[in-house]
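Going left to right, the sequence shown walks through residues 1006 to 1396 as the working numbering numbers them.
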Amino acid sequence: MKIDSVDFFYLAMPQVLDIGDGSQDALLVRVRSGSHEGWGECEAAPLPSIAAFVCPMSHSACKPVGASVLGQALDGPEDIDRIGRLVRENSLDLLQSDHVLSGLDIAMWDLVGKREGEPVWRLLGWGKSEPKTPYASMLFGGNPAETLAKARKAASDGFGAVKFGWGPYGRGDGKEDREQVAAAREGVGSGAALLVDAGTVWVEDVGAARKRLAALEEFHVTWLEEPFVSGALHAYRELASSCRTVKLAGGEGSHDFHMARQMIDYGSVGFIQIDTGRVGGISAAKRVADYARERGVIYVNHTFTSHLALSASLQPYAGVEGNSLCEYPFEARALAVELTAGRIGRAADGSVRAPDSPGLGLSPNPKAMRKYLVDTEITVAGKTLYRTPSI
């Protein structure tokens, strides 16, 4: 079998707001091989990602991603790895290629899983899909009162773990941030796990981040996520040395296995968070999950968009025992909610698992795709390189 076609679908809400919410648009990837097809989702800006697949060659290490994918044999997992290596080699200087490869890799795993009649996690070598503890992932409110109301809503919906991030946190003084965290803790209750995401707000300013540690530890926050940009490993390591009970989390900005490994080895994180839609797909994410276990670092998915992306993000660590944490989109936009016909629901005990159905166990909803589809065309020198395909 070979890859016959790769199609991209740019979807977006009618209005995209200037907030830290990645569920406002989406880029879906469809890979077809013979009578089989698989779906993936890139966690990336749709338009430059489509362009990376079709752009003219710049030089030998800057080829369009499509040159390494179309027509390639796709008979099993070994071919997925081989195609990934080709993309990284031939598109070395095309920085958007990592994001594009991520969606492609997910779609190839989905296709192979469906063709073999097996869930992706089983093809990855896991014997069982273990339960995960989902945490309701949302943005901080504009003020503590809003955060309190959001926290109470998550608690009333049965979440035993809640994460707040971005918004005003870290942009004012330490007093305002303490009030936000206090409101979050009050709302979720004393028994729930509370997580805080700073959204790289301090870049590499260890002093600014250190001022928030006392409040985080006072309110028993499990982790402080992304206090700095992904490459500021020295800052992560320095801040970690000042932490007593709270641990650092990061890694969603990792675009390949090596970036994630460096964060584990040199960033002193207690939790490594990987987005399959950014890191290079399920293949790279599984490598990170395996390495994290070797190093005693807890692997957690990063997912803030659709349940297709959620399923993909669960596959690499599906078989890890111990009811690991799982990011679970809580305030996703209508696009992300409607994108799949089914969803990954919570069991009676509140846990979630990677689906047992073949492939990812979920597929896009064509009706929703048509509703949010952004008609797009890319033309260079009078030649059309991309036009929105039929659904």
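Backbone N, C-alpha and C fix where the C-beta goes; we use that ideal spot for every residue, glycine too.
So which of the options has the shortest CA-CA distance to residue i?
i: residue 1226; options: 1061, 1333 and 1182; result: 1182
i: residue 1201; options: 1209, 1221 and 1076; result: 1221
i: residue 1367; options: 1317, 1337, 1393 and 1379; result: 1317
i: residue 1360; options: 1381, 1035 and 1319; result: 1319
i: residue 1110; options: 1369, 1286 and 1388; result: 1286
i: residue 1043; options: 1106, 1027 and 1117; result: 1117
i: residue 1099; options: 1383, 1064, 1076 and 1086; result: 1064
i: residue 1137; options: 1257, 1084, 1305 and 1038; result: 1305
i: residue 1146; options: 1168, 1159, 1134 and 1172; result: 1172
i: residue 1252; options: 1106, 1258 and 1199; result: 1199
i: residue 1196; options: 1160, 1212 and 1376; result: 1160
Return the CA-CA distance between residue i and residue j, expressed in angstroms with no decimal places.
i: residue 1104; j: residue 1282; result: 6 Å
i: residue 1239; j: residue 1031; result: 33 Å
i: residue 1396; j: residue 1012; result: 9 Å
i: residue 1294; j: residue 1115; result: 19 Å
i: residue 1014; j: residue 1216; result: 44 Å
i: residue 1270; j: residue 1205; result: 19 Å
i: residue 1082; j: residue 1007; result: 13 Å
i: residue 1357; j: residue 1350; result: 7 Å
i: residue 1211; j: residue 1264; result: 21 Å
i: residue 1091; j: residue 1073; result: 6 Å
Does the CB of residue i have a neighbour CB from chain B at under 9 Å?
i: residue 1387; result: Considering every chain present, this structure includes no chain B. It has just one protein chain.
Can you have a look at residue i and say buried or exposed, based on whether 16 or more other CB atoms are within 10 angstroms of its CB?
i: residue 1250; result: exposed
i: residue 1311; result: buried
i: residue 1122; result: exposed
i: residue 1188; result: buried
i: residue 1246; result: exposed
i: residue 1260; result: buried
i: residue 1274; result: buried
i: residue 1352; result: exposed
i: residue 1154; result: exposed
i: residue 1338; result: buried
i: residue 1380; result: exposed
i: residue 1019; result: exposed
Regarding residue i and the ligand GDP, is the C-beta to nearest heavy atom distance less than 8 Å?
i: residue 1318; result: In the structure on display, the ligand GDP does not appear, and there are no ligands present to speak of.
DSSP three-state call for residue i: helix, strand or coil?
i: residue 1043; result: strand
i: residue 1306; result: strand
i: residue 1227; result: strand
i: residue 1026; result: coil
i: residue 1214; result: helix
i: residue 1394; result: coil
i: residue 1110; result: helix
i: residue 1032; result: strand
i: residue 1010; result: strand
i: residue 1364; result: strand
Original post:
Which residue spans inside the region 1251-1306 form an unbroken beta strand (DSSP E) run of at least 3?
Top reply: As for any beta strand (DSSP E) of minimum length 3 sitting wholly inside the region 1251-1306, the runs are 1252-1255, 1276-1279 and 1303-1306, ordered along the chain.
Original post:
Considering only residues of the region 1125-1166, which uninterrupted alpha helix (DSSP H) runs meet the minimum length of 4 residues and lie entirely inside it, listed in chain order?
Top reply: 1125-1128 and 1149-1161
Subject >> Inside the region 1036-1097 only - beta strand (DSSP E) runs reaching at least 3 residues >> reply: 1041-1047
**OP:** Could you pull out every unbroken beta strand (DSSP E) segment of at least 3 residues lying fully inside the region 1305-1351, listed in chain order?
**Re:** 1330-1334
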